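Report on the following structure.
Residue numbers (this note's numbering): 7 to 349.
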């Protein structure tokens, strides 16, 4: 008797037209270099590539910015996201602003033994959910690039975004999370929002924190890595962002832990990320958000205080025993926000 075995085949995700060279579209200038002067990650060196579109002209405001973690993986012209070609086409089309692309690799350290290879600093830089990587970009790398390569990058956070895959994108999300005053647009591909270095806490943090002005597009594969359940981690973060009123969208693909599906979406995602000049939160879409303060401001658990928040002054926050409960202002008509409120 012959056994019939079904062999699964990888999906054939098509290459979008924006990822192919088009006649009449100006081609960017690429500059490669090495950065070895970090004080935040002392002793590391890293390679990088700078994308400068032909339309770039120095202005008072500076160019928009997109930072790619694991940068080399996005720089290929024949496979993957083909980000350089996509940028050329979308900037020419005016579907996104004139944008400087920084494609930066994680740092490496000298070998401990001359016979060994270099030490990889990737997980320390990418998976740790502190503000260290954001500070590295803001305080060290971006100023270095501006000075070294004579480019001017906008300080407006609405004109700055980040992109990455796997651990590279938890680094991107973490940078935007800690510093929305510097980055507000994120493309997340097969993100490592798992327990490597506490990334699994993000869904809870998002639900417990007042929404930040971030626009996030998430991609993952339903059969992503199972060792830390990447798929469920991505789904949990997406649901938390959606619940909390963030501007978030998603596409789910299949076939493991790779960029194949995310690469086919790259032009679509760039259009979506840059569809408006500013990024804002949507508090009117929020569910109930419980915000736990690191240092409770309430000393008497019998007393709540009520304050108005938000630019429209239509949201109230009730605090008790160190927790803030957000409610619509209409539920507390007549409450004086300057005085304690007894329940």
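We put the beta carbon where it would ideally sit given N, CA and C, even for glycine.
Keep in mind the model is a prediction, meaning the values are calculated, not measured.
For residue i, collect the residues of the same chain with a Cβ closer than 6 Å to its Cβ; drop the 5 residues on either side in sequence, then sort them by chain order.
| i | result |
| --- | --- |
| residue 151 | none |
| residue 74 | 80, 109 and 169 |
| residue 184 | 137 and 140 |
| residue 35 | 58 |
| residue 268 | 195 and 225 |
| residue 42 | 51 |
| residue 67 | 160 |
| residue 246 | 209, 212 and 213 |
| residue 192 | 168, 178, 179, 182 and 222 |
| residue 257 | 225 and 271 |
| residue 72 | 105, 107 and 167 |
For a quick check, are the C-beta atoms of residue i and residue j less than 8 Å apart?
| i | j | result |
| --- | --- | --- |
| residue 252 | residue 210 | no |
| residue 175 | residue 194 | yes |
| residue 226 | residue 197 | yes |
| residue 105 | residue 59 | yes |
| residue 200 | residue 237 | no |
| residue 285 | residue 203 | no |
| residue 19 | residue 270 | yes |
| residue 149 | residue 186 | no |
| residue 17 | residue 259 | yes |
| residue 69 | residue 158 | yes |
| residue 40 | residue 56 | no |
| residue 272 | residue 25 | yes |
| residue 146 | residue 281 | no |
| residue 143 | residue 127 | no |
| residue 77 | residue 93 | no |
Quick one: is residue i buried, meaning 16 or more other Cβ sit within 10 Å of its Cβ, or exposed?
| i | result |
| --- | --- |
| residue 6 | Here the chain has residues from 7 to 349 only, and residue 6 is not among them. |
| residue 85 | exposed |
| residue 265 | buried |
| residue 166 | buried |
| residue 172 | buried |
| residue 207 | exposed |
| residue 232 | exposed |
| residue 217 | buried |
| residue 119 | exposed |
| residue 87 | buried |
| residue 30 | exposed |
| residue 15 | exposed |
| residue 320 | A caution first: residue 320 carries a pLDDT of 45, below 50, which makes its placement in the model too unreliable to give a value. |
Identify every residue that forms a DSSP beta bridge with residue i.
| i | result |
| --- | --- |
| residue 122 | None, per the DSSP bridge assignment. |
| residue 169 | 74 and 193 |
| residue 224 | 194 and 256 |
| residue 135 | Bridge partners of residue 135: none, in fact. |
| residue 39 | 54 |
| residue 151 | BP columns for residue 151 are empty, so no partner. |
| residue 109 | 55 and 74 |
| residue 114 | 51 and 126 |
| residue 159 | 69 |
Identify, in the order they occur along the chain, each residue of the same chain with its Cβ nearer than 7 Å to the Cβ of residue i, setting aside the five sequence neighbours on each side.
| i | result |
| --- | --- |
| residue 83 | 90 and 91 |
| residue 131 | 47, 112, 113, 139 and 177 |
| residue 262 | 227, 229 and 230 |
| residue 117 | 123, 124 and 125 |
| residue 28 | 95 |
| residue 64 | 158 |
| residue 239 | 199, 200 and 206 |
| residue 283 | 164 |
| residue 278 | 223 and 255 |
| residue 276 | 92, 96 and 102 |
| residue 242 | 209 |
Please work out which residues of its chain come closer than 8 Å, Cβ to Cβ, to residue i, disregarding the five sequence neighbours upstream and downstream, and give them in chain order.
| i | result |
| --- | --- |
| residue 61 | 32, 97, 98 and 104 |
| residue 254 | 221, 222, 223, 224, 244, 247 and 248 |
| residue 49 | 115 and 116 |
| residue 21 | 88 and 270 |
| residue 190 | 163, 164, 166, 167, 182, 219, 220, 221 and 285 |
| residue 318 | Because residue 318 carries a pLDDT of 42, less than 50, the predicted location of this residue cannot be relied on, and the following value inherits that uncertainty. So no residue of the chain qualifies. |
| residue 129 | 173, 202 and 203 |
Could I get the ranges of all uninterrupted beta strand (DSSP E) runs contained in the stretch 45-74, with 3 residues as the minimum, in chain order?
-> 52-58
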